[in-house]
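Using my numbering, count along the sequence shown one by one with no gaps and you end on 208.
What follows is a set of notes on a single structure, which appears directly below.
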Amino acid sequence: MKPRSVRSRKKSAARFLVGLVGATTTVGALTADFLVPRTARQHLRNPRWPGHAKFHDAQYIVMSQLLGAGGLALLAAKKGDPDRNLLTAAAIMSTPWLGMYGATLFPGTTLVDEEFKDQTPKVLGLDPNLFIATACLAALAAATGLAGRPGRAQ
Numbered sequence: 055m056k057p058r059s060v061r062s063r064k065k066s067a068a069r070f071l072v073g074l075v076g077a078t079t080t081v082g083a084l085t086a087d088f089l090v091p092r093t094a095r096q097h098l099r100n101p102r103w104p105g106h107a108k109f110h111d112a113q114y115i116v117m118s119q120l121l122g123a124g125g126l127a128l129l130a131a132k133k134g135d136p137d138r139n140l141l142t143a144a145a146i147m148s149t150p151w152l153g154m155y156g157a158t159l160f161p162g163t164t165l166v167d168e169e170f171k172d173q174t175p176k177v178l179g180l181d182p183n184l185f186i187a188t189a190c191l192a193a194l195a196a197a198t199g200l201a202g203r204p205g206r207a208q
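Dropping the structure here:
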């Protein structure tokens with residue numbers, strides 16, 4: 055059996071990383087904001103949240119699912135240039151994670167509601183949302199680096 059080339063191994067690693075972030079993007083917000091009781095009570099299952107705030111969280115959940123699933127479909131597509139598909143999928147999947155950082159710039163937004171500040175531990179010094187966003191963005195950056203530029207032999 056012929057050993058796989060370094061280039062082939064890099065592309066496989068890139069596809070794995072983008073796929074992992076795609077799965078996280080597809081199910082992460084639904085899981086954290088609606089399904090897991092401990093975290094859902096800070097979001098959609100928080101009785102103190104007004105209906106309009108819940109609407110926007112639900113909108114974020116659905117958008118994340120669509121972006122994640124769309125990116126995964128593109129990553130698995132048999133048509134088109136696989137390298138371009140991977141890079142486009144990574145760009146699509148970065149959207150909700152970049153959006154978390156952008157959301158912190160708006161006046162009056164907070165990463166955690168005041169009532170939950172003591173119950174939300176930092177992860178390596180970061181708010182859990184920003185930790186996950188940073189990890190996903192780092193994985194996508196690593197994947198795009200491993201994938202290289204499309205249409206160019208390396």
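All residues carry an ideal CB built from backbone N, CA and C; glycine is no exception.
As the structure is a prediction and not an experimental result, all values here were calculated from the model.
Check	Outcome
Validate contact between the stretch 94-104 and the stretch 190-206 using beta carbons, cut 8 Å, 3 pairs	no
Minimum C-alpha distance to Ala112 - residue among Ala83, Asp172, Thr188	Ala83
Proximity below 7 Å, CB of Gly76 to CB of Met147	yes
Contacts around Phe185, its chain only, beta-carbon distance under 6 Å, and the 5 residues preceding and following it disregarded	Val177
Buried versus exposed, by CB contacts within 10 Å (16 or more), Ala157	exposed
Sequence-distant residues of its chain with Cβ nearer than 7 Å to Thr212 (five each side left out)	For the chain, the structure presents residues 55 to 208; residue 212 sits outside this window and is missing.
His106 CB to nearest heavy atom of the ligand MG below 6 Å	Judged by which ligands are present, the structure shown has none, so any question about the ligand MG falls away.
Straight-line gap, Asp172 to Gly134 (C-alpha atoms, nearest Å)	49 Å
Span separating the alpha-carbon of Arg102 from that of Ala187	26 Å
Leu178 (DSSP reduced to helix, strand or coil)	coil
Option nearest Gly163 by Cα separation, candidates Phe70, Trp151, Ala107, Ala143	Sequence inspection shows Thr at residue 163; the Gly mentioned does not correspond to that position. Comparing Cα-Cα distances from Thr163 to each of Phe70, Trp151, Ala107, Ala143, the minimum goes to Ala107.
Sequence-distant residues of the same chain with beta carbon closer than 7 Å to Gln208, five excluded per side	At Gln208, the pLDDT of 46 sits below 50, so the modelled position is not reliable; the number obtained from the coordinates is stated separately. Arg61, Gly202, listed in sequence order.
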